[in-house]
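FYI, the numbering for the sequence shown is -20 to -1, 1 to 163, going by mature numbering (1 follows the signal peptide of the UniProt record, and there is no 0).
Heads up, the beta-carbon is just placed ideally off N, CA and C, and yes, glycines get one too.
Reviewing the structure listed below.
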Amino acid sequence: MKKFLGIVLSLGLVLGLAGCGSKTEPASTSPVDTSNIKMGKVEYAAHGTKCFTIAVATVSGDTIVGAYLDDYQFMSTDVATGVPNSDKDFAKGYADPKNVLASKKANTEYYNKNMKEKGKATTPVEDSLAAIEKYVTGKTVADLEKVLKDTSTEKMVDTVSGATLVDTKGYVSALVEAAKAAK
C-alpha cells in the first residue's frame, strides 16, 4: 500500500507540474520578480473523503503567480480514463479492478454529466477549478488566509466568481498550503 501511495503521489507531482503550463491568466498585470520564483505542491482533502486534490502554486515572494488544481478519485473503467499504468501493474493495488484512479480534469465529459444528474451542477468542474486558480493568482498568502478565516464555507462559493463548487473554500485552502510549501 505504501508503494502504491508513493506512486500515486509521484504521479500527482508530475501531473501537477505539467498543469502549470495551463491557460490560467494572472489576475494582475503587475510585473513579476522572476528572480524569486518558487513552486509548491500538496495533496489535500479539499473535497470530502472520496477523492484527493493535487494543488500546485507558483509564488514570487509571498504572492501566488500561478496555480493548478485537479481532483483524483476512483471511477469506473467503462466511463473513465485512468492515470498512466492503470491498465498495467499499477492497477494490481486497486481494491476493485473495475475502477481506476482518474483525474476529474481528464474525465470532464463523464464527471460533468454525473454531477449534472446527481447534483444538478450547472458549471463544468474544469471551469470552476479554473475560476479558483484565477482567483488566487495575484493574491498574497496572507490575503487569502484572511479571506478563508473571515468567510464561511457557504459564502466562499459566492466569493470566487465563476466557481460553483460547494468546496471552493477547500480548494482555496489547498492552494494556500501549496504556496506555503513552495521551495
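So, with DSSP's three-state summary, where would you put residue i?
i            : result
glycine 41   : coil
aspartate 26 : First, the residue type needs correcting, since residue 26 is alanine and not aspartate in the sequence shown. Three-state result, alanine 26: coil.
leucine 145  : coil
lysine 21    : strand
alanine 101  : coil
serine 56    : strand
aspartate 50 : strand
valine 137   : helix
lysine 163   : coil
threonine 88 : helix
threonine 14 : helix
Would you decide whether residue i is buried or exposed? Buried here means 16 or more other CB atoms lie within 10 Å of its CB.
i             : result
serine 108    : buried
alanine 35    : buried
alanine 159   : buried
lysine 78     : exposed
glycine 1     : Per-residue confidence for glycine 1 stands at a pLDDT of 49, beneath the threshold of 50, marking its modelled position as unreliable; the derived number appears in the next sentence. Classification for glycine 1: exposed.
glutamate 134 : exposed
glycine 20    : buried
aspartate 76  : exposed
alanine 122   : exposed
aspartate 51  : buried
threonine 102 : exposed
Answer yes or no: does any C-beta atom of chain D fall closer than 9 Å to that of residue i?
i             : result
glutamate 113 : The structure shown contains no chain D; it is built from a single protein chain.
If you follow the beta strand (DSSP E) that residue i is in, where does it begin and where does it stop?
i          : result
alanine 82 : 79 to 83
Under 9 Å between the Cβ atoms of residue i and residue j?
i             : j           : result
valine 22     : alanine 154 : yes
valine 80     : valine 63   : yes
lysine 84     : tyrosine 91 : yes
glutamate 125 : tyrosine 24 : no
lysine 18     : lysine 114  : no
threonine 61  : alanine 86  : yes
threonine 14  : serine 40   : yes
Ends of the alpha helix (DSSP H) at residue i?
i             : result
tyrosine 151  : 148 to 160
aspartate 107 : 105 to 116
valine 127    : 121 to 130
aspartate 69  : Neither: aspartate 69 is in no alpha helix (DSSP H) and is coded neither H nor E.
So does the segment 83 to 97 actually touch the segment 126 to 139, counting three or more Cβ pairs closer than 8 Å? no
Hey, is the segment 146 to 158 in contact with the segment 20 to 37, meaning 3+ C-beta pairs nearer than 8 Å? yes
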